[in-house]
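Trainee: Residue numbers (numbering that gives the first Met the number 0): 0 to 191.
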Amino acid sequence: MKIIPRLILCAATVFASGAMAQEYASAYVKLDVRRDCKHRSSNVVEDYGDWRCKGYGGVPMWLGAGDQRMYVSFGPKAKDEPAARETLSPFNDFYEGVVEWRLAGGRPFATIIRWNYKTAADRENLNANGRALVVTRLPPGPVCHVGYVDARANARANELAREIADKHARGFSCGKDKPVILGVVGQGADFK
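#1: Reducing DSSP to helix, strand and coil, say where residue 95 ends up.
#2: Quick check on residue 126: buried or exposed, where buried means 16 or more other Cβ atoms within 10 Å of its Cβ?
#3: Between residue 8 and residue 28, what straight-line distance do the alpha-carbon atoms span, to the nearest angstrom?
#4: By Cβ distance below 8 angstroms, which residues in the same chain neighbour residue 169 in space, the five residues on each side in sequence not counted?
#5: Can you tell me whether DSSP reads residue 184 as helix, strand or coil?
#6: Nearest to residue 174 by CA position, among 140, 47, 49, 99, is which residue?
#7: Compare the beta carbon distance of residue 93 and residue 111 with 7 angstroms and say whether it is the shorter of the two.
#8: Where does residue 153 fall in DSSP's three states?
#9: State buried or exposed for residue 56, treating a residue as buried only when at least 16 other CB atoms are found within 10 Å of its CB.
#10: Give the straight-line distance between the Cα atoms of residue 71 and residue 159, rounded to the nearest whole angstrom.
#11: Does the Cβ of residue 123 have 16 or more other Cβ atoms within 10 Å, making it buried, or fewer, making it exposed?
#12: What three-state label does DSSP hand residue 26 in the structure shown?
#13: Is DSSP giving residue 17 helix, strand or coil here?
#14: Closest to residue 165 by C-alpha separation, out of 31, 37, 138, 145, would be which residue?
#15: For residue 137, name the three-state secondary structure that DSSP assigns.
#16: Taking the C-alpha atoms as reference points, what is the distance between residue 90 and residue 180?
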């Protein structure tokens, strides 16, 4: 279970929030789920098991997969959080890539992950050409998807995802608030 943090902190961005300014930063962790995480297999048809990974700042990470879709959640009870039941509608995966951890005051409050998903045009081949940035809120409180950005259709996709995280993640009410979609949504993208 070796995770190598690539770029730990990027330059902080300062946002004004009423009379107080809040400083936000990012930490990046490169992750290969099959190499860096502990896998527990399943005997159930179309259930590929789950993985437990070491996250950033002491926040554990859980991934589940089945029926060609993945689920990603965080926290000490990650498997029981709403995010453990949230995925993209099309076939999708996140087996390797970079997890961007959004920080306020040095503490993680949200993640941004680039998921791969199959578009309608991909159904005839093995490639998954769709890319979605999924913003997830972290504990304290429930863990769930806060928003989505079509990473192929938006040149500033990462900036848009950070905007969702910074403006919405901490105050987002899982199960009550509707996830935010920013930017252009390209043809074949489905974030429901």
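Note that beta-carbon positions come from the ideal geometry of N, C-alpha and C, so glycine has one too.
Mentor: According to the structure data:
#1: strand
#2: Result: exposed.
#3: Any reading at residue 8 is ruled out, since the residue's pLDDT is 42, under 50, leaving its predicted position unreliable.
#4: 103, 108, 109, 136
#5: coil
#6: 140
#7: no
#8: If DSSP states are grouped into helix, strand and coil, residue 153 belongs with coil.
#9: exposed
#10: 20 angstroms
#11: exposed
#12: Judged by DSSP in its simplified three-state form, residue 26 adopts strand.
#13: Note that residue 17 scores 39 on pLDDT, short of 50, meaning its location in the model is unreliable; the coordinates nonetheless yield the value given after this. Residue 17: coil per DSSP, three-state reduction.
#14: 145
#15: coil
#16: 19 angstroms
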